[in-house]
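Mind the numbering: the sequence shown is residues 3 to 578 in this note's numbering, read in order. Below you'll find the structure, written out as structure tokens, and then a few comments.
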Amino acid sequence: MNDKIIATLRSDQQPSSVQKDKILTFLNKKYGENIELIWEKDDEISHGFILQVGADVYDWSMIGKINQLRSSLEKVSIDSDNYVSLIKENVKNWNPEVNSMEIGYVEETGDGIAIVSGLKSVNYGEIVYFENGQKALVQDIQSEDIGCMIFGKDDEILEGTKVYRTGKTAGIPVGNMMLGRVVNALGESIDGLGDLKSDEYYPIEKPAPEILDRKSVDRPLETGLLSIDSMFPIGRGQRELIIGDRQTGKTAIAMDTIVNQKGKNVICIYVAIGQKASSIAQITENLKKRGALDYTIIVAATASQSSSMQYIAPYSGTAIAEYFMDHGKDVLIVYDDLSKHAIAYRTISLLLGRSPGREAYPGDVFYLHSRLLERSAQLSDERGGGSITALPIVETQAGDISSYIPTNVISITDGQIFLESDLFFSGQRPAVNVGLSVSRVGGAAQTKAVKKAASTLRLELAQYREMEIFTQFSSDLDETTKNQLKFGKGLMQLLKQNQYSPLSQSEQVITLVVALNKMLLNVEEKDVKSTMYGIISYIKNHKPAIIEEIELKNVLSDNVKEQIILSAGEYLEARK
């Protein structure tokens, strides 16, 4: 014989026999004949009742009906011209419905995680909320209970606290109103400039665009850094990893790239994961000073916030980026950094009792980043032609790029820019290691002018590095070797760049043409940089047609190349 299903009816007055019969008829249709109805007195419930069958709750109290009406009114668009009349019509036609609502109960809580029982039909990734209004994201589903990541503080969430389903996945408000603002991982303003209001929400987790919805990457996204644009070009829709030890200039490259997008119709999103609040404030101020904050959105999950907020921050930033991409715009998104993101996910997984794998990371940590970075794409013309270019940042320990998280992200991205500590501390900034860095998109995303001007740069640098190692213990060098070393040192000087000093395409082309034609061979190493600035300034002032042709046509003709060499010769001759 099957066990009876217990249905509990709570109200301030005992129901009549007629009311009991109606309720039992409803329950028999819904759950079968094997129902036992128990009445409990509850003075807090007036004008109605609350019926609970297992995890299903039917709220037919006055408060429950008011909440139904509130939900109905929330669907009315506030942008409508006849807002008041729509509300009146909505209230007039509204009728309360008998809807079940699943209720669970907190079994245990701590460290931003709540274990909840009773929500049998809840889905992975669904938002649930506690009776104090706090929200959480379902992250683990077991046979008897579920694990939730709590958004915000968990001080008021105690054992026995009621938990309600929403039936919705996590989403974030999106729109142009976010430009120039600093928001948290939930899309709430944290810059003190007022609340953000939007009628449009995007899910933070979303499948990546299908292959048929994409097209090949063929448009450049210039960083303004000569060492990157000339040798490791980044295209719109590409995913290029920035990797290196702590304090080697990874964030500086990302900031320079954002600053260089001014006037190029690119929306920039900077996602700060586990950073100090003071560092984020400094970045915000630097972008504001250079007029870059106007087209930038900063999504911040600081080190003081919970692992849950740090975990969802990059997904929230990507949802904002997808809104602009879907509207045909180009977006640059920086994840700073995914090492801390993986650590946040490891913390959550261990608290949920998942078995740890390599380096204590859960087994699905690769999927964590692949489903994030795969959402970056160049959409086809049929889908509007928008793009998301991703610059994920990963921190290494003692330059070890073969450890777990770096190798994971390297295998997902389309190339990496490796920053070397020794180069950084020797004054070579950006400290790009030419041997370990690569762009798998390559010349397809490079302008023809820069591509032609930089054709032999990597080969010349490789030869210089090899000769430098070979001759470091030699004292007697022939003239050819001395010139080769001097030429290589001059190239390394030209690849040095101060932060927030991006070079335009024409400046890069002029620098490459002059340098690779060995016109600075007789200039002292310490004067190479200033001499190059002088040549660029001379051409801008006396031969502006050269600048115009490179910038407008994006090509380097033989005639323009010859004019650059002649102009540089004139300047160098005048300096003697």
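Beta carbons are placed, not taken as given, at the ideal position from N, Cα and C, and that holds for glycine.
Spatial distance of residue i from residue j (CA atoms)
i, j, result
"M521", "G571", "8 Å"
"E481", "I471", "17 Å"
"I245", "I345", "16 Å"
"I538", "I548", "11 Å"
"G386", "K217", "11 Å"
"I419", "I541", "32 Å"
"A116", "A138", "8 Å"
"D44", "I37", "21 Å"
"R248", "Q399", "8 Å"
"Q240", "T391", "5 Å"
"C270", "T259", "9 Å"
"W96", "N178", "Confidence at W96 is low in this model, with a pLDDT of 49, below 50, so its placement is unreliable and no value can be given for it."
"E2", "I236", "Any question about residue 2 goes unanswered here, given that the chain covers just 3 to 578."
"S18", "I47", "17 Å"
"H624", "H329", "Nothing in the structure corresponds to residue 624, since the chain is present only between 3 and 578."
"E422", "P432", "9 Å"
"T286", "D339", "17 Å"
"T409", "R12", "58 Å"
"A279", "A305", "8 Å"
"D220", "Q448", "8 Å"
"K31", "Y131", "30 Å"
"E1", "L459", "The question about residue 1 has no answer here: the residues shown for the chain are numbered 3 through 578."
"Q486", "L518", "12 Å"
"L425", "T533", "23 Å"
"N556", "N125", "52 Å"
"Y573", "D529", "14 Å"
"N435", "K208", "35 Å"
Any non-hydrogen atom of the ligand FAD within 8 Å of residue i CB
i, result
"L514", "What this structure holds is no ligand at all, so the ligand FAD is not there to describe."
Close-in-space but distant-in-sequence residues of the same chain around residue i (CB under 7 Å, 5 per side omitted)
i, result
"K264", "G293 and A294"
"T349", "S309"
"V515", "A455, K563, I566 and I567"
"Y33", "I7 and V55"
"D147", "E109, I117, V118 and S119"
"S382", "D215, R216 and K217"
"E551", "V562"
"M180", "L198, I299 and I322"
"K491", "E527"
Cβ neighbours of residue i in the same chain (closer than 6 Å, five flanking residues each side left out)
i, result
"V268", "D332 and L334"
"Y406", "R360 and E361"
"P364", "S351 and R356"
"K531", "Q495"
"S378", "R241, I390 and A392"
"G417", "E242, V440, S441 and R442"
8 Å Cβ shell around residue i - same chain, five flanking residues per side excluded
i, result
"S191", "R183, V184, V185, D197 and L198"
"F489", "E462, Y466, K520 and L523"
"H343", "I275, G276, Q312, Y313, A315, P316, Y337, L370 and H371"
"L26", "I37 and L39"
DSSP state of residue i mapped onto helix, strand, coil
i, result
"S389", "strand"
"T533", "helix"
"Q499", "coil"
"L558", "coil"
"A547", "helix"
"E526", "coil"
"Q16", "coil"
"S341", "helix"
"T449", "coil"
"S119", "strand"
"Y126", "coil"
"K6", "coil"
"T163", "coil"
"S569", "helix"
"V516", "helix"
"F132", "strand"
"K43", "strand"
"W96", "In this prediction, W96 scores a pLDDT of 49, lower than 50, which makes its location untrustworthy; no coordinate-derived value is stated."
Any C-beta of chain D under 9 Å from that of residue i
i, result
"L438", "As a matter of chain content, chain D is missing from the structure shown, which is built from one protein chain."
Touch test, the segment 161-172 against the segment 120-127, Cβ-Cβ under 8 Å, three pairs minimum: Yes, since at least three Cβ pairs between the segment 161-172 and the segment 120-127 fall closer than 8 Å, the two stretches touch.
Runs of alpha helix (DSSP H) lying entirely within the segment 245-307, each at least 4 residues, in chain order: Fully enclosed alpha helix (DSSP H) runs of 4 or longer: 252-261 and 279-291.
The segment 486-505 / the segment 219-229 touching (three or more Cβ pairs under 8 Å): Below 8 Å, enough C-beta pairs join the segment 486-505 and the segment 219-229 to call them touching: three or more.
Alpha helix (DSSP H) segments (min. 4 residues) lying fully within the segment 459-488: 459-473, all fully within the segment 459-488.
Contact between the segment 460-474 and the segment 380-397 (3+ Cβ pairs under 8 Å): With a cut-off of 8 Å, the segment 380-397 and the segment 460-474 do not count as touching, because too few Cβ pairs lie within range.
Completely contained alpha helix (DSSP H) runs for the segment 346-397, where each covers 4 or more residues: Runs of the alpha helix (DSSP H) inside the segment 346-397: 367-375.
Continuous alpha helix (DSSP H) assignments of at least 4 residues falling wholly in the segment 402-429: 406-414 and 423-427, all fully within the segment 402-429.
The segment 142-158 / the segment 296-304 touching (three or more Cβ pairs under 8 Å): Result no; under three Cβ-Cβ pairs closer than 8 Å.
Residue ranges of each alpha helix (DSSP H) within the segment 203-250, 4 or longer: Counting only unbroken stretches of 4 or more residues, the alpha helix (DSSP H) elements lying wholly within the segment 203-250 are 228-233, in sequence order.
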